[in-house]
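J.:
Number of protein chains: 2
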Amino acid sequence: MPVKKNKGPPYPVETVGLDVLEDTLSFYIRSINIALSRDLDERLEGLDVARGTGKITTLLLVDSHPGIRPSVIAQLIMRDRSAMGRLVDQMIDHDLITRRNAPDDGRAQELHITKKGADLARKVRKIATKQSSDFFAGVPEKDQKRLLDILRRVYRRTAGLDQQ
Amino acid sequence: MPVKKNKGPPYPVETVGLDVLEDTLSFYIRSINIALSRDLDERLEGLDVARGTGKITTLLLVDSHPGIRPSVIAQLIMRDRSAMGRLVDQMIDHDLITRRNAPDDGRAQELHITKKGADLARKVRKIATKQSSDFFAGVPEKDQKRLLDILRRVYRRTAGLDQQ
DNA sequence: TACTTTTAGTGGACAAACGCAACTATTCTG
DNA sequence: CAGAATAGTTGCGTTTGTCCACTAAAAGTA
Numbered sequence: 308m309p310v311k312k313n314k315g316p317p318y319p320v321e322t323v324g325l326d327v328l329e330d331t332l333s334f335y336i337r338s339i340n341i342a343l344s345r346d347l348d349e350r351l352e353g354l355d356v357a358r359g360t361g362k363i364t365t366l367l368l369v370d371s372h373p374g375i376r377p378s379v380i381a382q383l384i385m386r387d388r389s390a391m392g393r394l395v396d397q398m399i400d401h402d403l404i405t406r407r408n409a410p411d412d413g414r415a416q417e418l419h420i421t422k423k424g425a426d427l428a429r430k431v432r433k434i435a436t437k438q439s440s441d442f443f444a445g446v447p448e449k450d451q452k453r454l455l456d457i458l459r460r461v462y463r464r465t466a467g468l469d470q471q
Numbered sequence: 308m309p310v311k312k313n314k315g316p317p318y319p320v321e322t323v324g325l326d327v328l329e330d331t332l333s334f335y336i337r338s339i340n341i342a343l344s345r346d347l348d349e350r351l352e353g354l355d356v357a358r359g360t361g362k363i364t365t366l367l368l369v370d371s372h373p374g375i376r377p378s379v380i381a382q383l384i385m386r387d388r389s390a391m392g393r394l395v396d397q398m399i400d401h402d403l404i405t406r407r408n409a410p411d412d413g414r415a416q417e418l419h420i421t422k423k424g425a426d427l428a429r430k431v432r433k434i435a436t437k438q439s440s441d442f443f444a445g446v447p448e449k450d451q452k453r454l455l456d457i458l459r460r461v462y463r464r465t466a467g468l469d470q471q
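Line by line, the protein sequences are chains A and B. Sequential numbering from 308 applies to the first sequence in the numbering used here. Sequential numbering from 308 applies to the second sequence in the numbering used here.
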């Protein structure tokens, strides 16, 4: 129970305990996600790929897996197909990728990178990596790896990528 | 370069490499955040606090820090004041908290929990904690602590809670 | 005390994003 | 061939959040 001083907020930001959230995954993940997204947006300033809402992942995946299908990406970024479709539309408008019908499956499409997209992908890779290490500043190399390992495991399980 | 089989997606989900993102904080954070939010929404089903977009944090903070100000919470959950104001409106509508003018500062407000809010807070604490440990299933206790430590540090720095 | 600046909160306009549901076309299953 | 599953599209509605302008009060300054 903090004693209220004569002025200033009764619970100054720096000292507010986060209650249970202090030990909770979701709170940190959510907050850090916000911070990370904003930061990334800044770093991507003017790069045609603003709002990292899946655009980045899509760009890199299409670049490294020519012919990959929208629905596959959708699953990886945990969006539904309609959202994915719109995302693809945007990126085509920006001339980052192309869409063609899959020759062997009349329902499906194949995505391919454009010249412009490939150039951008190169830049984005640098930026994303840089951001990651910036945020990890002060955290020992070993812990970084460990953390990524854990997150990777949680992610794969969550996205249903591991066995069943 | 995967050899295309006669049918099935050329890049089946399970085997798609995530490119640089494989080693990148932002990707996992973003994805896990989505998963976590959805999962939390399910667990909060019908609990008047759907869409965990800050409502949960607000609820718990008001509960454990009677008289806390909206602007303080806003900073903690990284939203601007107008968004925060609307959030408070909602929660008042749901009879979870109350708002009164701060006696010592004509600009500010104090938030207090209601009976209903306190009851809910109790439930939410259980749920949030449970969720966290569920997601950590299979991760050794020690690593969990480690991970939370790192996230906490990153969060505090990011939210500007430390020094400076 | 008069001024300027900063802080707290409000309200409106606006846009982006996402999910759901419905629908088509294909392919698979048996 | 009939029925189920899959890929993608479209419309709709909702939510969410940001930007901006505005008021009121407090703090800083001279």
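Each residue gets a CB set at the ideal place from its N, CA and C atoms; glycine is no exception.
1) I'd like to confirm the pairing. Which residues does DSSP put opposite GLN416(A) in its beta bridges?
2) Flag this pair as yes or no: are the beta carbons of LEU418(A) and ARG429(A) separated by less than 8 angstroms?
3) For ASP387(B), go through chain A and note every residue whose CB falls closer than 7 angstroms to its CB, in chain order.
4) Closest Cβ-Cβ distance between LEU418(A) and chain B: below 8 angstroms?
5) Taking LEU325(A) as the reference, give the member of THR364(B), THR322(B), LEU328(B) with the closest Cα.
6) Note down, in chain order, all residues in the stretch 353-375 of chain B with a beta-carbon under 9 angstroms from any beta-carbon belonging to chain A.
7) Given a cut-off of 8 angstroms, decide if LEU394(A) and LYS423(A) are closer than it, judged by their beta-carbon atoms.
8) At a CB-CB cut-off below 8 angstroms, which residues of chain B make contact with ASP330(A)?
9) Starting from ILE434(A), trace the alpha helix (DSSP H) both ways and give me its first and last residue.
10) Given that GLN397(A) touches chain B, what residues does it touch there, using C-beta distances under 9 angstroms?
11) Give the single residue among VAL369(B), GLN451(B), ALA466(B) whose Cα lies nearest to the Cα of GLN416(B).
12) Given this structure, state the Cα-to-Cα distance separating GLU349(B) from THR360(A), to the nearest angstrom.
13) Helix, strand or coil for ILE375(A), going by three-state DSSP, please let me know.
14) State yes or no: is the beta carbon of ILE404(A) nearer than 8 angstroms to at least one beta carbon in chain B?
15) So, is TYR462(B) buried or exposed, given that buried needs 16 or more other C-beta atoms within 10 angstroms?
16) Note down, in chain order, every chain B residue with its Cβ under 7 angstroms from the Cβ of LEU343(A).
17) Within this structure, are the beta carbons of VAL320(A) and LEU367(B) separated by less than 8 angstroms?
18) Give me, in chain order, the residues of the same chain whose beta-carbon lies closer than 6 angstroms to that of PRO434(B); leave out the 5 immediate sequence neighbours on both sides.
19) Near GLN438(A), what residues of its chain come up, given a Cβ to Cβ distance below 7 angstroms and the 5 sequence neighbours on each side ignored?
20) Do the stretch 327-335 of chain B and the stretch 450-458 of chain A make contact, defined as three or more Cβ pairs closer than 8 angstroms?
21) Here's the rule: buried if 16 or more other CB atoms are within 10 angstroms of the residue's CB, otherwise exposed. What is THR331(A)?
T.: Reading it off the structure:
1) ASN408(A)
2) no
3) Going along chain A, no residue has its Cβ under 7 angstroms from ASP387(B), so there is no contact; the nearest lies around 12 angstroms.
4) no
5) THR364(B)
6) GLY359, THR360, GLY361, ILE363, THR364, LEU367, LEU368, ASP370, SER371, HIS372, PRO373, GLY374, ILE375
7) no
8) THR436, SER439, LEU455
9) 422-442
10) Near GLN397(A) there are no residues of chain B at all, since even the closest Cβ is about 18 angstroms away, more than 9 angstroms.
11) VAL369(B)
12) 23 angstroms
13) coil
14) no
15) buried
16) LEU332, SER333, ILE336
17) no
18) As written in the sequence, residue 434(B) is Ile, which differs from the Pro given in the question. Closer than 6 angstroms at the Cβ level, and outside the excluded window around ILE434(B), lie ARG350.
19) ASP346, LEU347, ARG350
20) yes
21) buried
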